[in-house]
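Protein chains in written order, with the numbering used here: chain A, 423 to 744; chain B, 382 to 736.
Working notes for the structure below.
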Amino acid sequence: MAQSDVLLKLKGVKTYFFTDEGTVHAVDGLDFQVRRGETLGIVGESGCGKSVTSMSILRLLGKTGKVIEGEIMFDGENLLDLSEEEMRKIRGNRISMIFQQPTTCLNPVFRIGEQIIEALQIHQGLSGEEGNKRTIELLTLVGLPDPVRRMRSFPHEISGGQAQRVMIAMALACNPELLIADEPTTALDVTIQAQILDLMRELREKVNTAIILITHDLGVVAEMAENVMVMYAGRAVEYAPVHALFEAPKHPYTQGLIASTPVLGNVRDELETIPGQVPSLLNPPAGCRFASRCAHRMDQCTQEEPPLIKLEGDRLVRCWLY
Amino acid sequence: MTVYLIRRLFQAILVLLFSSAVIYSLFALAPGGPLDELRQNTDPKSRPSEADIQRQAKLLGADKPWYLWYPTWLAGDTWLDKVGLEQYVGERKGILRWDWGTSWKFQRNAPVLDIIKDKLPDTLWLMITSTIISLVLGIPLGVFSAVRQYSFFDYILTTFSFIGLSLPSFWFGLLIIAVSLWFKRNGWFYFPAGDILALRNYEVPVLGTVVAGSFLDRVMHLVMPVTVLSMLNLANWSRFMRASMLEVLSQDYVRTARAKGVKERVVIYKHAFRNALIPLITIIVFAIPGVFGGALFTETVFNYKALGFTFISALNLKDYPLAMAFLLISSILLVFATLLADVLYTIVDPRIRLD
């Protein structure tokens, strides 16, 4: 794998939140990389650090959060070393993001067109006629019906699915090299979900953007991603090509996740669950963080944390079983 | 929109009729009346006879039974013979025919509107100045302290706000009068302790002679009452703005703006501020009736005899025509302010439509 092929590389990233109750180890030593044009799925349950990871990459953690360790190399540059102004020029331009609740992500008092043009104006200096033209192009690209009229609509006048299309148009405005999609379909109806996923796939072909797809929906990952990283309590527990992962999940947590997904037409009395709860990130336990819920627990598990172990076929797993 | 406004106008008229009727009923129900003072006179030499009192009552129109007071105030008493009440016919035309009546006691027989017109400029000077100062300072301070939540500045502003909210205006007013007098005694720069304008020219260090009745004289007299009045509003409005701004800053669309690469300054003053101002409209618009109403405590402490003072005097003197005029104008302004707020909402918030 040539070096220039790697677009984003995280090395030992730790993001902590300093709150009144203590330090939350939201992301605790994360390594992964995304190649140009690749789609990486990040999977995990709520609170495992998926979204914090994306906000760390964009450096939008707010006042309480901070990346205290590690490197986030984007196209050969460490994003953590950039000034706020340099970082701002990357946001929405080379790395852009779409979010979970498309309707609340659009500013209610500005027209849809204005909000897209703003991104074009900041990064490409397009305004006036040019900006309008490009906005109509973008809205057509994301399949919004009647884009000329829609540009003048306010966010409350469109549906959730249309709002997500607008968000995607805004994110793609400057042809980003990396698109971070944080649960892009979670808030949408199932039929709309499929449309949005189709759209994202189609756009990936057209603009060749790398995508980090953050979700807790394994179905979405299976449909979209090439590689998958499973996160648990702030750490990566498994990394594998998508088919290999679904065929033979290695980590007990991944196995549990896949087993707890309902299968259409497969009537069972009760869904499989993973017993127990995610450990508190205020004081993460020593040893493997999944140990307390793991069916294969050994003595070693509670004493020493397993490293990421390399398996055949580009797979990594953090478990003493291997 | 036009249909909506016409409907609201009719509603407003009904509200005003209803509220004026309620107010007048309360006056009628309250013990005592404009003639009490005459009856309470125990000095045998100047004590008026019952016949004198009746003549007075007739002059004021207070000889009528209570249920005719409001109709008279509203529609006059020129028509009462047509309903079989010949003995009460008079020359009043009533508020519906733009007869605001004359003062009973405050300035005997002076037309009520003239009294109000006379006091209005001084009131506006005081209230508009302090409202503008509170807004111009309060909004930016609120925004600033929201953006720097829990910073040193934020704590200072919070402390200041609570002091401002808890200080009674009469006490704070007296305090700064005392300070000003102490400055004057030491021969330092000071502001006049009371009145609207000075009667004679006076000397102030630094400025020299201040000509009585000049613009400078007015400003000198305004500084202290305006300070007292602004203190409360400033504290209130900056707190409100801070809360509103904090709420907006945690919204998803602010995060979107940042993720788009918008400059932080633009995120705050364009994306967030515009949204944070929406709830502030109510507060600002309802300051309008207050501007007319004046400020009772502050006016009293600084002997600044404007409309607030006039109103309370009218109530104490049972000068019903004056008090009624005052209350009616306040109600009109309040109803108008509500309507204005609704219309302004549609302008700043595209989600709101009137129909």
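We put the beta carbon where it would ideally sit given N, CA and C, even for glycine.
For a test of the three-state rule: what should DSSP assign to residue i, helix, strand or coil?
{"i": "A/His447", "result": "strand"}
{"i": "A/Ile479", "result": "helix"}
{"i": "A/Ala603", "result": "strand"}
{"i": "A/Ser714", "result": "helix"}
{"i": "A/Gly565", "result": "coil"}
{"i": "A/Ser518", "result": "strand"}
{"i": "B/Val585", "result": "strand"}
{"i": "A/Arg719", "result": "coil"}
{"i": "A/Leu686", "result": "coil"}
{"i": "B/Gly568", "result": "coil"}
{"i": "A/Thr608", "result": "coil"}
{"i": "A/Leu439", "result": "Sequence inspection shows Phe at residue 439 of chain A; the Leu mentioned does not correspond to that position. It is a strand residue."}
{"i": "A/Met423", "result": "Model confidence at A/Met423 stands at a pLDDT of 43, short of 50, so the residue's coordinates are unreliable; what they give is reported in the following sentence. In this structure, A/Met423 counts as coil in the three-state DSSP scheme."}
{"i": "B/Val643", "result": "coil"}
{"i": "B/Lys426", "result": "coil"}
{"i": "A/Val531", "result": "coil"}
{"i": "B/Thr590", "result": "strand"}
{"i": "A/Arg574", "result": "coil"}
{"i": "B/Arg473", "result": "coil"}
{"i": "B/Arg529", "result": "coil"}
{"i": "A/Ile696", "result": "coil"}
{"i": "A/Glu727", "result": "coil"}
{"i": "A/Asp639", "result": "coil"}
Looking at the unbroken beta strand (DSSP E) that takes in residue i, where does it start and where does it end?
{"i": "A/Pro663", "result": "Arg657 to Pro663"}
{"i": "B/Val403", "result": "Careful: B/Val403 lies outside any beta strand (DSSP E), inside the alpha helix (DSSP H) at Thr383 to Leu410."}
{"i": "A/Ile731", "result": "Ile731 to Leu733"}
Which two residues bound the contiguous alpha helix (DSSP H) that contains residue i?
{"i": "B/Ile537", "result": "Phe533 to Ser547"}
{"i": "A/Asp737", "result": "Going by the sequence as given, residue 737 of chain A is Arg instead of Asp. Careful: A/Arg737 lies outside any alpha helix (DSSP H), inside the beta strand (DSSP E) at Arg737 to Val739."}
{"i": "A/Ile490", "result": "Where A/Ile490 is concerned, there is no enclosing alpha helix (DSSP H), although the beta strand (DSSP E) it sits in stretches over Gly487 to Phe496."}
{"i": "B/Leu677", "result": "Leu677 to Val682"}
{"i": "A/Lys672", "result": "Where A/Lys672 is concerned, there is no enclosing alpha helix (DSSP H), given that its DSSP letter is neither H nor E."}
{"i": "A/Ile580", "result": "First-last for A/Ile580: undefined, no H or E at that position."}
{"i": "B/Ser686", "result": "The question names Ser, but residue 686 of chain B is Lys in the sequence shown. Where B/Lys686 is concerned, there is no enclosing alpha helix (DSSP H), given that its DSSP letter is neither H nor E."}
{"i": "B/Ala579", "result": "Segment: none, B/Ala579 is in no alpha helix (DSSP H) and carries neither H nor E."}
{"i": "B/Phe380", "result": "Since the first residue of chain B shown is 382 and the last is 736, residue 380 of chain B is not available in this structure."}
{"i": "A/Thr525", "result": "Pro524 to Cys527"}
{"i": "B/Thr663", "result": "Leu661 to Val666"}
{"i": "B/Ser611", "result": "Phe596 to Leu630"}
{"i": "A/Asn705", "result": "Here A/Asn705 belongs to no alpha helix (DSSP H), and DSSP marks it neither H nor E."}
{"i": "B/Pro452", "result": "Trp447 to Ala456"}
In terms of DSSP beta bridges, what is residue i paired with?
{"i": "A/Arg455", "result": "First, the amino acid is wrong: residue 455 of chain A is Gln here, not Arg. BP columns for A/Gln455 point to A/Lys431."}
{"i": "A/Met653", "result": "A/Ala658"}
{"i": "A/Asn500", "result": "A/Met495"}
{"i": "A/Ala632", "result": "A/Leu600"}
{"i": "B/Pro492", "result": "B/Thr483"}
{"i": "A/Gly469", "result": "According to DSSP, A/Gly469 bridges with nothing at all."}
{"i": "A/Leu462", "result": "A/Ile634 and A/Asn649"}
{"i": "B/Arg732", "result": "Beta-bridge pairing links B/Arg732 to no other residue."}
{"i": "A/Arg513", "result": "A/Ile517"}
Report yes if the CB atom of residue i is closer than 8 Å to the CB atom of residue j, and no otherwise.
{"i": "B/Asp535", "j": "B/Ser547", "result": "no"}
{"i": "A/Ala647", "j": "A/Thr461", "result": "yes"}
{"i": "B/Ser515", "j": "B/Ser625", "result": "no"}
{"i": "A/Asp639", "j": "A/Met519", "result": "no"}
{"i": "A/Phe712", "j": "A/Val659", "result": "yes"}
{"i": "B/Gly475", "j": "B/Gly457", "result": "yes"}
{"i": "A/Arg571", "j": "A/Gly535", "result": "no"}
{"i": "A/Arg737", "j": "A/Leu452", "result": "no"}
{"i": "A/Ile636", "j": "A/Ser476", "result": "yes"}
{"i": "B/Leu477", "j": "B/Leu455", "result": "yes"}
{"i": "A/Ser714", "j": "A/Pro701", "result": "yes"}
{"i": "B/Leu714", "j": "B/Pro670", "result": "yes"}
{"i": "B/Gly749", "j": "B/Val493", "result": "Outside the shown range of chain B, which is 382 to 736, sits residue 749 of chain B, and nothing can be said about it."}
TODO: Name, going along the chain, the residues of the stretch 520-544 of chain B whose beta-carbon falls closer than 7 Å to a beta-carbon of chain A.
DONE: none
Task: Members of the stretch 642-661 of chain B that neighbour chain A once the beta carbon cut-off is set at 7 Å - done: Gly642, Val643, Lys644, His652, Arg655 and Asn656
Task: Positions along the stretch 711-740 of chain A whose CB lies within less than 8 Å of some CB in chain B - done: none
TODO: With 8 Å as the limit, tell me which residues of the stretch 511-525 of chain A have their beta carbon closer than that to any beta carbon of chain B; keep them in chain order.
DONE: Lys511, Ile512, Arg513, Gly514, Asn515, Ser518, Met519, Phe521 and Gln523
Open item on the list: Closer than 9 Å between beta carbons: that is the criterion. Which residues of the stretch 533-549 of chain A meet it against chain B?
Closed with: Arg533, Gln537, Glu540, Ala541, Ile544 and His545
Task: Members of the stretch 580-592 of chain A that neighbour chain B once the beta carbon cut-off is set at 8 Å - done: Met589 and Met592
TODO: Using a Cβ-Cβ cut-off of less than 8 Å, list which residues of the stretch 549-575 of chain B approach chain A; keep chain order.
DONE: none
Task: Residues in the stretch 442-469 of chain B having any Cβ partner in chain A nearer than 9 Å - done: none
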